[in-house]
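Read the structure below first, then the notes.
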Amino acid sequence: MRGPHSPGSRADGEPPVELTSFVGRSAEVAELTTALGQARLVTVTGVGGVGKSRLAARVAARWACGGPAGAPGRGRVELSAVRDPQFVEYAVVEALGLTDHTTRLPREALLEHLAGRRVLLVLDGFEHLVAACADLTAELLRELPELRVLAAGRRPLGLAGERLFPLAPLGEDEAAELFTDRARAQGVPVADGAEVRELCRRLEGIPLALELAAGRLRALSPAQLLRRLDDRFRLLTGGGRDVLPRHQTLRTAIGWSHELCSPDERLLWARLSVFAHSFDLEAAEYVCSGDGLAAEDVLDVLSELLAQSVVSREETPAGPRYRMLDTLRAYGAEWLGATGDAGRLRRRHRDWYLGLATLCELDWFSPRQREVAARVEAELPNLRTALEFCLTEPEEAHLGQHLAGALWFCWVGCGRLAEGRRWLERGLELESEYERSRLKALWVLGYVAILQGDTVAALRALRMCREQAERSADPTAVAYAEHRTGCLALVTDDMARAETLLRSALDRYQEIGELNSNVLMGQVELAMTRAFQGDLPDAVRLCEDVRRVCEDHGERWARSYALYVLAYAAWRGGDAVHARELLADCLDNAHGFHDLLGTVLSIELLALVTVTQGDPVEAAVLQGAAGRMWPSVGLPLFGSAYYNAPHEQCEAMAREALGGERYEEWVRRGARLDRETAVARALRRDGRPLPALPAPRGPVPAARSGQREPAASPTRKGGETAG
Numbered sequence: 001m002r003g004p005h006s007p008g009s010r011a012d013g014e015p016p017v018e019l020t021s022f023v024g025r026s027a028e029v030a031e032l033t034t035a036l037g038q039a040r041l042v043t044v045t046g047v048g049g050v051g052k053s054r055l056a057a058r059v060a061a062r063w064a065c066g067g068p069a070g071a072p073g074r075g076r077v078e079l080s081a082v083r084d085p086q087f088v089e090y091a092v093v094e095a096l097g098l099t100d101h102t103t104r105l106p107r108e109a110l111l112e113h114l115a116g117r118r119v120l121l122v123l124d125g126f127e128h129l130v131a132a133c134a135d136l137t138a139e140l141l142r143e144l145p146e147l148r149v150l151a152a153g154r155r156p157l158g159l160a161g162e163r164l165f166p167l168a169p170l171g172e173d174e175a176a177e178l179f180t181d182r183a184r185a186q187g188v189p190v191a192d193g194a195e196v197r198e199l200c201r202r203l204e205g206i207p208l209a210l211e212l213a214a215g216r217l218r219a220l221s222p223a224q225l226l227r228r229l230d231d232r233f234r235l236l237t238g239g240g241r242d243v244l245p246r247h248q249t250l251r252t253a254i255g256w257s258h259e260l261c262s263p264d265e266r267l268l269w270a271r272l273s274v275f276a277h278s279f280d281l282e283a284a285e286y287v288c289s290g291d292g293l294a295a296e297d298v299l300d301v302l303s304e305l306l307a308q309s310v311v312s313r314e315e316t317p318a319g320p321r322y323r324m325l326d327t328l329r330a331y332g333a334e335w336l337g338a339t340g341d342a343g344r345l346r347r348r349h350r351d352w353y354l355g356l357a358t359l360c361e362l363d364w365f366s367p368r369q370r371e372v373a374a375r376v377e378a379e380l381p382n383l384r385t386a387l388e389f390c391l392t393e394p395e396e397a398h399l400g401q402h403l404a405g406a407l408w409f410c411w412v413g414c415g416r417l418a419e420g421r422r423w424l425e426r427g428l429e430l431e432s433e434y435e436r437s438r439l440k441a442l443w444v445l446g447y448v449a450i451l452q453g454d455t456v457a458a459l460r461a462l463r464m465c466r467e468q469a470e471r472s473a474d475p476t477a478v479a480y481a482e483h484r485t486g487c488l489a490l491v492t493d494d495m496a497r498a499e500t501l502l503r504s505a506l507d508r509y510q511e512i513g514e515l516n517s518n519v520l521m522g523q524v525e526l527a528m529t530r531a532f533q534g535d536l537p538d539a540v541r542l543c544e545d546v547r548r549v550c551e552d553h554g555e556r557w558a559r560s561y562a563l564y565v566l567a568y569a570a571w572r573g574g575d576a577v578h579a580r581e582l583l584a585d586c587l588d589n590a591h592g593f594h595d596l597l598g599t600v601l602s603i604e605l606l607a608l609v610t611v612t613q614g615d616p617v618e619a620a621v622l623q624g625a626a627g628r629m630w631p632s633v634g635l636p637l638f639g640s641a642y643y644n645a646p647h648e649q650c651e652a653m654a655r656e657a658l659g660g661e662r663y664e665e666w667v668r669r670g671a672r673l674d675r676e677t678a679v680a681r682a683l684r685r686d687g688r689p690l691p692a693l694p695a696p697r698g699p700v701p702a703a704r705s706g707q708r709e710p711a712a713s714p715t716r717k718g719g720e721t722a723g
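Written as structure tokens, this is what we have:
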């Protein structure tokens, strides 16, 4: 989901907008841009394949580059792969690049994040989710006066104030231009002559139909194309092609293209329809092979479908991927259903993605951690389809629990807590005879709930996990339940209990030979308890050990939390320069994984380092930026007196240097920064001076320079905190 973060965005059976050049439509671009300036909700409607997605993407890009009202933000939401209406809001959150770790509904997070911002939201391919999209859109437009929505689908949303923009097929000149352009892309240039014009008329100027026809030019001349297409139309319509509805024209063109495929090509076309979104070659070879199609032949057959524009190829951070357009996927699904083989293909699809998740969980603790994050992000639509299959089919509940649990690193490490919790809870509602998969789902749910600040749900899940694990004599589940209960004690300021539980869990891990990112995080959490109780040398020892193990294994996620503790110790030791270096490394990794908790903790501590380096203005700005992030994480600094101490120390020093009024002014200015800008500012990536913020009214007092050791802050539990 991912809107501006997803390559090849598309919907409604139209080619991915980034993958082919945009031909024609200059008048429509201008008209739609004008309409969007006059109405807050504009819906582009039209037959499948007519170019709605491309037009919407083109206008959205133009809008962001200086359209009416100078809208500075946009998000493009692909909804074609979303099947469950409850996931519409998650899709919008993801497309806008928002990360929300709390238990709030996604709609609440959207309303908060978009408040006061001028944003253009593009909803693409929503026709199978009209009710859910209309309900969400209506509330967003009602509550967010600066928001505009550009929708693209086969039917309207049906809302008051909606302005419809029916998109007609291409005119004859533009249709011929598109056909000859796609012919050149095939390496078979053709002249714009009578046969090309007649082809364009037969296909009624529908871009997808034209591209399918152009995909045949390697084997057929325009005259042969025209003759075969003419025969197809007569067969289906009894010669009445002059009154052929456009949706029938497209279906006819698809059916004609399907007939021209070899038996192997038709078979692969049908089997590829089980993929929810894009897929890679290895997945296609496993899922689609067998029963008449050998795995070693899949690449050759796929290459032919690529040449015929049935499948498109795109480059992504996870490597080359392939995608079938929705209209073509639906056609293939009909054929697959007719063969009676759909159930077997869905199970093979489930098996592949279950295996992928299991492998990625193992690879998370390796130098391939970043690759794993990118791979899982690319595969999320297919993983969701696999989860849905497991949780709706009889006898599959244990596999759904296993899959939801195996993806813990995605939910926790890559900023998808809310979605992860939903899948875990759905899985745990089902009965399963396989205890191990249920126990894992329980401790992962407890972990997710802790990070969301839901201590009651966390404690309930972890107690249930511990009790059931002890009954079934599962030492691994006991260790994880104990570990996460210790983590819960840590964030609720019960340091003595946290230390006891974490030490016990680490001993259990050692006994069973468990070593992974979770185990290392347990050691970091133990280090935090030592730091909070005043033993910084022991905290440093523990985290240096974690750092060494992480670097030996190429692990970067748990390492970033170890660096956080080491940075605090460096600051307390008077080495602010080294503390900043450690925090920059920590923040860079946390942000790269979309780990919002690690990101905001790093920025909070960077603010403290910054004020001690003599820049109270920038420290206040960073505190303001962190303050904007905390509502998406949960209770600021967990509501913990221990975690809050660095924040209080930074605020006290900045207020003293700036005065209360000036301090609040800079905090407010920092709170206006979005997360990307705040992180870039905190990292000072390019080494250049910091970007200017609007100057506050009146002079700003000069900052005091030099290192200061803040006074110890008594916690609400009494005593002195060191962290």
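Per our numbering, the very first residue in the sequence shown carries number 1; after that it's consecutive.
Ideal Cβ positions, reconstructed from N, Cα and C, are used throughout, including at glycine.
When secondary structure is reduced to three states using DSSP, A152 falls in the strand class.
Here DSSP, grouped into helix, strand and coil, assigns R556 to coil. When secondary structure is reduced to three states using DSSP, E388 falls in the helix class. Positions of the beta strand (DSSP E) runs, each at least 3 residues long and wholly inside the segment 54 to 117, are given as 73 to 78 in order along the chain. Within 10 angstroms of the beta-carbon of Q38 lie fewer than 16 other beta-carbons, which makes it exposed. CA-CA distance, Y286 to R348, rounds to 8 Å.
If only complete runs of 3 or more residues are kept, the segment 292 to 372 shows the beta strand (DSSP E) at 311 to 316, 319 to 324, in order along the chain. Comparing C-alpha distances from S26 to each of G51, G46, F126, V196 shows the shortest one belongs to G51.
Taken atom to atom, the span from the alpha-carbon of E525 to that of P85 is near 38 Å. A481 is positioned such that its CB atom lies closer than 8 Å to that of R466.
With respect to L210, A185 sits apart: the two C-beta atoms are not nearer than 8 Å.
Membership of T45 in any alpha helix (DSSP H) is not indicated; the residue belongs instead to the beta strand (DSSP E) covering 41 to 45. In this model, L272 and S309 are separated by some 14 Å (Cα to Cα). Relative to the Cα of A680, the nearest Cα in the group E651, G659, L622 belongs to L622.
Taking A562 as the centre and dropping the five residues before and after it, the same chain places the C-beta of V524, C543, V546, R547 closer than 6 Å to its C-beta, in chain order. According to DSSP, F279 shares a beta bridge with Y322.
In the structure shown, the three-state DSSP call for P145 is coil.
Note on geometry: alpha-carbon atoms of A284 and G97 lie some 29 Å from one another.
By the neighbour-count criterion, in which a residue is buried when 16 or more other Cβ atoms sit within 10 angstroms of its Cβ, P537 is exposed. If you check the CB distance, R117 and G73 come in under 8 Å.
Contact between the segment 383 to 400 and the segment 425 to 434 is present: 3 or more CB-CB pairs across the two stretches fall below 8 Å.
In the three-state reduction of the DSSP assignment, R672 falls in the coil class.
With respect to P646, L605 sits close: the two C-beta atoms are nearer than 8 Å. Of the candidates H553, R484, D494, Q533, the residue whose Cα lies closest to the Cα of M521 is R484. In the DSSP assignment, V524 falls within the alpha helix (DSSP H) that extends over 517 to 532.
Rounded to whole angstroms, the Cβ separation of G453 and F638 is 7 Å, and the two are in contact under 8 Å. With contacts defined as CB atoms closer than 8 Å, L141 and L305 fail to qualify as a contacting pair.
In the structure shown, P166 adopts extended strand secondary structure according to DSSP, grouped into three states. Taking C-beta separations shorter than 8 Å and ignoring five residues to either side along the sequence, the partners of R251 in its chain run Y331, following chain order.
Of the residues D674, R556, W571, H578, the one whose Cα lies closest to the Cα of V600 is D674. Taking A374 as reference, the option from R416, L515, F593, D585 with the minimal CA-CA separation is F593. Residues of the same chain with a CB within less than 6 Å of the CB of A449, apart from the 5 flanking positions on each side, are A457, A458 in chain order. Rounded to whole angstroms, the separation of the alpha carbons of W63 and V119 is 10 Å. Residue state for D173 is assigned as helix, using DSSP reduced to three classes. Contact annotation: the segment 292 to 301 touches the segment 260 to 279, with at least three C-beta pairs closer than 8 Å.
Below 8 Å, too few C-beta pairs join the segment 333 to 341 and the segment 350 to 360 to call them touching: fewer than three.
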